[in-house]
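Here this note's numbering is used: the first residue of the sequence shown is 3, the next is one more, and so on.
All C-beta atoms in this analysis are idealised placements derived from N, C-alpha and C, irrespective of residue type, glycine included.
Report on one structure; see the data block that follows.
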Amino acid sequence: MDPASVIQLLQILKDKNAFLCTVESCTGGLLVNALTDISGSSEVVWGGLVTYDNSAKEELVNVSPELLFAKGAVSGEVALAMARGGLDRMTRAIGDRSVNRLLPPSLFISISLTGVAGPLGGTMQKPVGLCHIGLAFARNDELDREPVSRVVEFRSPEGTSRIENKNLFAARALELLNEFLKAEL
C-alpha cells in the first residue's frame with residue numbers, strides 16, 4: 003500500500019475527529035498494520051480485530067452462526083455484520099472517554115474485510131480474489147441509532163497470488179475509506 007495514501011487517510015480521519023476500527027478476515031490484520039505503521043496513527047485508530055476463523059467472527063464481533071451458515075463467511079451480509087460488530091465493540095469500549103485526544107471522537111468508523119485470498123478455497127460462486135468490504139459508521143451523538151452501513155464487492159484480477167490478493171484487498175479498503183470520507187462526511 004502506498005504510504006502517502008495511508009498518511010492522507012489518517013489526516014482526513016484526524017480532521018473529521020474520527021476513530022477507526024478494522025475487522026479483518028482474509029487480510030489477517032494487513033490493513034490495521036499499514037495504518038499503524040505511520041507515527042501518530044493512535045490519534046485515529048482504535049485498533050484492529052482479526053476474525054479469521056468463523057468462531058472469531060462469532061465471539062469477537064457477534065456475527066451470528068445462523069448468518070455464517072446461511073450466507074457463508076465470504077458474503078456481503080457477513081462483511082456488514084463484521085463492520086457493525088466492530089463498531090459496537092469500539093463504541094462500547096470507548097464510551098465518552100477522550101482516548102488519545104483532547105475531545106471524544108465525533109465519528110466512529112468500522113471497516114471489515116472478508117474474502118478468498120487463495121490459492122485454495124475458491125468456488126464457482128466465490129472465486130479466489132473475491133472480497134467483500136463492509137463499512138459502518140455512527141456519529142457520537144447518534145450511537146443509540148442503527149449505524150449507517152455499506153458493503154462493496156471487490157475482485158482481484160484472475161491469477162493473482164495470495165499475497166497480491168491480500169495487498170489488493172487492503173488497498174481497496176483504504177481507497178474505499180478515502181472515498182467515503184471525502185464524499186459522505
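Go ahead and label residue i buried or exposed: buried means 16 or more other beta carbons lie within 10 angstroms of its beta carbon, across all protein chains shown.
i	result
V118	buried
L105	exposed
L122	exposed
S158	buried
E160	exposed
P149	buried
E26	buried
Given residue i, which residues of its chain have a CB within under 6 Å of its CB, disregarding the five upstream and five downstream residues?
i	result
I14	L183
Starting from the C-beta of residue i, find all residues in its chain whose C-beta is less than 7 Å away, skip the five residues before and the five after it, and write them out in chain order.
i	result
N56	L70, A75
T29	L115, K168, F171, A172
Since I believe residue j is in contact with residue i (beta carbons under 8 Å), could you give me their beta-carbon distance rounded to a whole number of angstroms?
i	j	result
R164	G120	5 Å
V63	R91	6 Å
S108	N35	26 Å between Cβ atoms; not a contact.
Counting only the same chain and skipping the five closest in sequence on each side, list residues whose C-beta sits under 8 Å from that of residue i.
i	result
S151	L82, A85, R86, G136, L137, A138, F139
I40	P5, V8, I9, L12
I'd like to know whether the C-beta atoms of residue i and residue j end up nearer to each other than 8 Å.
i	j	result
G88	L51	yes
L115	L11	no
I113	A175	yes
L2	S44	Any property of residue 2 remains undetermined from this structure, which presents the chain solely from 3 to 187.
Considering residue i, what are the terminal residues of the beta strand (DSSP E) in which it resides?
i	result
T24	20 to 26
R141	132 to 141
V8	Looking at the DSSP string, V8 is not in any beta strand (DSSP E); the run it does join, the alpha helix (DSSP H), is 5 to 17.
In terms of residue numbering, what span does the alpha helix (DSSP H) encompassing residue i cover?
i	result
L33	32 to 38
G87	78 to 96
S57	56 to 63
Taking 8 Å as the threshold (beta carbon to beta carbon), is residue i in contact with chain B?
i	result
C23	In the structure shown, chain B does not exist; there is a single protein chain.
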